[in-house]
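Protein chains in written order, with this note's numbering: chain A, 51 to 313; chain B, 983 to 1349.
The C-beta atom is built at its ideal place from N, Cα and C for all residues, glycine as well.
Notes follow once the structure below has been shown.
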Amino acid sequence: MKRFPPLLKVYCGMIYLFLYLPMGVMMAFSFNDARRNVVWKGFTLKWYGKLFANKELMASLATTIELGLIATAISVALGMLASYALARHVRMRGRSAYAGLLNVPMMMPEIVLGIGILTFLVRAQIELSFWTLVLSHVVFCLPYATGAIRARLLSLQSSSYEDAAMDLGATEWEAFYKITLPLTGPAILSGALLAFTVSFEDFVTSFFVAGGGIETLPIRIYAMMKFGITPEINAMATVLLVFTLAVLAAYHAVSGGDQESAL
Amino acid sequence: MGKTPLLEISRIEKSFGSQKILKGISLQVFAGEFLTFLGPSGCGKTTTLRIVAGFEEPDKGTVRLNGEDVTRLPPYKRDVHTVFQHYALFPHFDVFENVAFSLRLEKTPEPEVASRVRGALDLVKLGGFEKRRIDQLSGGQQQRVAVARSLVGRPSLLLLDEPLGALDLKLRRQMQLELKAIQKKTGITFVYVTHDQEEALTLSDRIAVFNAGEIVQLGDPKSIYETPRSSFVADFIGSANILEAQVKLNDGEHVVLLVEDEVELRLPRPVGFNGAEGAKVPLAIRPERISVHFEEPASDAGRLTFPGALQDVVYLGSATQMIISPFPKSAKVLAATIMGKADVSIDGARRRVWCEVSPRDVLLWPS
């Protein structure tokens, strides 16, 4: 075994400290028995109690979860259909253009997306509501939901599983639900987890498009922070962090360790 | 053969984009036959197979199975099963469920499914592997499962798309013999695609040689090897020294050829050869039909002899190949294969040898 030079160890340690210390401090102060974030006054869980008693905050959390679930379901369904078409019709005209355009919302600055969607909705005289929010979330969730599914379907297609099923007497539909769908399951799940996380934490686009008294969790937290960072916000952020890490772990588990290539 | 062919392909044409892949393929396959599509990659053999299976529709022409036009029928309505190149075994099923797939679709009663799957697995010598997962099998075992899965439904025609391409040489040889035995035992008609000429010669009752979207020769292995109908077939099946010759004389009785501007050969005119005097024609001689002598052989009226310089000796294990240059002005060399161990060494300088060929083994073609 080659030994790491001590200086390199220190250097690496500093990098991780830099990355994770702020979050650690935040988590620690969410258990701090004081109104201000400066001095440690002892351990308490009261901020978590306050958090869950905060009706507005809980309402915005419910909205965010509902929004995330609906947007994820629509994105996964659309992504599945698009990927299936792209995988099966290799010789389709303009195939690579369609495939590329599916990914563009992922690269686009979110502020551009937000302004674009808002401008469109105003021009089309569509009133801002929960459903316009769903629509805009689908726009940027779609590439995340689609990525893993498309990669999986392409590799399934090159293995001729559907051809083999049809050759053995399965109709198109039977080949799809007996062979393709079960084999795409893990990719659908990982795409859905990714899409949900992206939707859950979205601030910029939601800030533009939310209207009619709809408030998502990130927007609510932003509003709360106008009065300074309270231990309550630390507690909320800690809950979110734990939740995100759980989703990430689940994603790694279903995508079988090759998460870097899927992203 | 007066009976209806099991499979009849008539004037099939197919283009992908602007590229014409099949230029009018016609073929009849009879029940119980083992027929091979042989050709280099991109010659259209796999496309033809996919049209028969129903994965592609031809632009023109018809496919008939047992006299019935199936050209526009989807794959699941054809009594044809396919063994795919990479097997396409369903990874989320075990061996048993893979083999049982077609039976389950037909809602076959459970006891019959069990007995037929067992029968199919016994046929491919995989009894006892029912509960194995696909990723626990070796390449050769996966190949056997694929064959069992396609045979369990007792199709009248089995298509095999380069089924042994992914196996190593030794296993490939063994599986060739087993496939042949399975075909004999079941009596099912096999249409087999390969680019391996040795495999085609070993397995087939008849071979259809494909080149550039056409069938250039159709016949039994012996006739294709002995009387190839073009220099392409001679070169592709077995190996051949392909040379260029100019016709010096063609009086109907005899022809005199100037090979590579160097060696003059006089031989009885092969049947059908119509090269006019002065024309340049291709000529082929198989390496194993050339005898090599180190002393000038006594002249024999029936045999053709010409001298050359021995350039190299290649040890092939069961045979020895000699590389000979009879044409000092041209870069072309002749390969001559001597079966068994030839005690030859080239000590420094090139050695002078004499090549001897029977006129029958000089292959010429009508233009």
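Same chain only: Cβ atoms within 7 Å of residue i, ignoring 5 sequence neighbours per side
i, result
"residue 191 of chain A", "121, 122, 125, 245, 248, 249"
"residue 1348 of chain B", "1254, 1255, 1256"
"residue 1148 of chain B", "1068, 1121"
"residue 265 of chain A", "110, 113"
"residue 1252 of chain B", "1346"
"residue 220 of chain A", "228"
"residue 270 of chain A", "106, 107, 110"
"residue 183 of chain A", "117, 256, 259, 260, 264"
"residue 1117 of chain B", "1073"
"residue 983 of chain B", "With a pLDDT of only 48 at residue 983 of chain B, under 50, the local geometry of the prediction cannot be trusted, and no value is derived from it."
"residue 1084 of chain B", "1134, 1135"
"residue 1028 of chain B", "1143, 1175"
Where the beta strand (DSSP E) through residue i begins and ends
i, result
"residue 1049 of chain B", "First-last for residue 1049 of chain B: undefined, no H or E at that position."
"residue 83 of chain A", "Careful: residue 83 of chain A lies outside any beta strand (DSSP E) and carries neither H nor E."
"residue 1034 of chain B", "Per DSSP, residue 1034 of chain B belongs to no beta strand (DSSP E); it is in the alpha helix (DSSP H), 1027-1035."
"residue 1258 of chain B", "Run containing residue 1258 of chain B: none; DSSP gives neither H nor E here."
"residue 1297 of chain B", "1286-1297"
"residue 1191 of chain B", "1188-1193"
"residue 1143 of chain B", "1139-1143"
"residue 1336 of chain B", "1333-1339"
"residue 1303 of chain B", "1301-1307"
"residue 1001 of chain B", "1001-1011"
"residue 997 of chain B", "989-998"
"residue 1068 of chain B", "Taken as a continuous stretch (DSSP letters only), residue 1068 of chain B belongs to no beta strand (DSSP E), as it is neither H nor E."
"residue 1315 of chain B", "Counting along the chain, residue 1315 of chain B falls outside any beta strand (DSSP E), and DSSP gives it neither H nor E."
"residue 1074 of chain B", "Here residue 1074 of chain B belongs to no beta strand (DSSP E), and DSSP marks it neither H nor E."
Reference residue i; option with closest CA among the options
i, options, result
"residue 1000 of chain B", "B/1008, B/1041, B/1160, B/1299", "B/1041"
"residue 1034 of chain B", "B/1233, B/1211, B/992", "B/992"
"residue 207 of chain A", "A/187, A/165, A/152, A/135", "A/135"
"residue 1128 of chain B", "B/1013, B/1286, B/1028, B/1063", "B/1063"
"residue 997 of chain B", "B/1124, B/1006, B/989", "B/1006"
"residue 1008 of chain B", "B/1113, B/1056, B/1195", "B/1195"
"residue 1298 of chain B", "B/1317, B/1286, B/1282", "B/1317"
"residue 153 of chain A", "A/189, A/143, A/273, A/162", "A/189"
"residue 1143 of chain B", "B/1164, B/1119, B/1178, B/1123", "B/1178"
"residue 78 of chain A", "A/138, A/95, A/62", "A/95"
"residue 294 of chain A", "A/251, A/267, A/193", "A/251"
Cβ neighbours of residue i in the same chain (closer than 8 Å, five flanking residues each side left out)
i, result
"residue 1208 of chain B", "none"
"residue 1335 of chain B", "1274, 1275, 1276, 1289, 1290, 1291, 1292, 1304, 1306"
"residue 59 of chain A", "none"
"residue 1259 of chain B", "1229, 1230, 1231, 1232"
"residue 1102 of chain B", "1081, 1130, 1131, 1133, 1134"
"residue 310 of chain A", "Confidence in residue 310 of chain A is poor, its pLDDT being 42 and thus under 50, which makes the residue's placement too unreliable to answer from."
Residue i CB to nearest heavy atom of the ligand FAD below 7 Å
i, result
"residue 1178 of chain B", "Looking for the ligand FAD in the displayed structure turns up nothing, as the structure carries no ligands at all."
Opening and closing residue of the alpha helix (DSSP H) in which residue i lies
i, result
"residue 153 of chain A", "145-157"
"residue 97 of chain A", "96-103"
"residue 1162 of chain B", "1151-1168"
"residue 286 of chain A", "281-304"
"residue 1180 of chain B", "1179-1185"
"residue 1208 of chain B", "1203-1208"
"residue 1082 of chain B", "1077-1087"
Nonlocal neighbours in the same chain, by C-beta distance under 6 Å from residue i, ignoring five residues either side
i, result
"residue 1240 of chain B", "1228, 1230, 1246"
"residue 308 of chain A", "Here residue 308 of chain A scores only 48 on pLDDT, less than 50, and its place in the model should not be relied on; the value that follows carries that caveat. Counting only Cβ-Cβ distances below 6 Å, and skipping sequence neighbours, we find nothing."
"residue 202 of chain A", "234, 237"
"residue 200 of chain A", "133"
"residue 1017 of chain B", "1011, 1173, 1188"
"residue 1319 of chain B", "1269, 1270, 1301, 1303"
"residue 242 of chain A", "122, 126"
"residue 1145 of chain B", "1065"
Under 9 Å by beta carbon: chain E residues contacting residue i
i, result
"residue 141 of chain A", "Among the protein chains of the structure shown, namely A and B, there is no chain E."
Notebook entry, point to check: Which residues, in order along the segment 1082-1101 of chain B, keep a beta-carbon less than 8 Å from a beta-carbon of chain A?
Noted result: Per Cβ criterion, the list reads 1083, 1084, 1087, 1088.
Notebook entry, point to check: Relative to chain B, which residues along the segment 202-217 of chain A have a C-beta separation below 8 Å, given in chain order?
Noted result: For the segment 202-217 of chain A, residues whose beta-carbon sits nearer than 8 Å to a beta-carbon of chain B comprise 209, 210, 211, 213, 214, 215, 216, 217.
Checklist line | Near-chain B residues of the segment 219-246 of chain A - C-beta to any C-beta below 7 Å | finding: Only 219, 220, 221, 224, 229, 232, 233 from the segment 219-246 of chain A bring a Cβ to less than 7 Å from some Cβ of chain B.
Margin query: So within the segment 251-277 of chain A, which uninterrupted alpha helix (DSSP H) runs reach at least 4 residues, ignoring any that extend past its ends?
Written below: For the segment 251-277 of chain A, whole alpha helix (DSSP H) runs of length 4 or above, ordered along the chain, are 254-259, 267-275.
Next item on the list: Please list the segments of the alpha helix (DSSP H) lying wholly inside the segment 1100-1133 of chain B, counting only runs of 4 or more residues, in order along the chain.
Entry: Counting only runs of 4 or more residues that sit fully inside the segment 1100-1133 of chain B, the alpha helix (DSSP H) segments are 1121-1133, in chain order.
Notebook entry, point to check: What are the uninterrupted segments assigned as alpha helix (DSSP H) that are 4 or more residues long and contained completely in the segment 158-222 of chain A, given in chain order?
Noted result: Entirely contained in the segment 158-222 of chain A, the alpha helix (DSSP H) runs reaching 4 residues are, in chain order, 160-173, 180-208, 211-217.
Check: Could you give the uninterrupted runs of the beta strand (DSSP E) lying entirely in the segment 1215-1260 of chain B, keeping only those of 3 residues or more?
Finding: Taking only runs of at least 3 residues, the beta strand (DSSP E) segments lying wholly in the segment 1215-1260 of chain B are 1223-1232, 1236-1241, 1245-1250.
Margin query: Which residues of the segment 1135-1157 of chain B have a Cβ closer than 8 Å to any Cβ of chain A? Give them in chain order.
Written below: Here the close residues are 1135.
Note to self: Quick check for students: name the residue ranges of the alpha helix (DSSP H) that lie wholly in the segment 116-147 of chain A, counting only runs of 4 or more.
What the structure shows: Counting only runs of at least 4 residues, the segment 116-147 of chain A fully encloses no alpha helix (DSSP H) element at all.
Next item on the list: Quick one: which residues of the segment 1037-1064 of chain B get their C-beta closer than 9 Å to a C-beta of chain A? List them in chain order.
Entry: Among the residues of the segment 1037-1064 of chain B, those with a Cβ less than 9 Å away from any Cβ of chain A are 1037, 1056, 1057, 1058, 1059, 1060, 1062, 1063, 1064, in the order of the chain.
Notebook entry, point to check: Just by C-beta distance, which residues in the segment 1287-1307 of chain B are closer than 8 Å to chain A?
Noted result: Here the close residues number zero.
Check: Listed in chain order, which residues of the segment 1122-1135 of chain B have Cβ atoms closer than 8 Å to some Cβ of chain A?
Finding: Per Cβ criterion, the list reads 1131, 1132, 1135.
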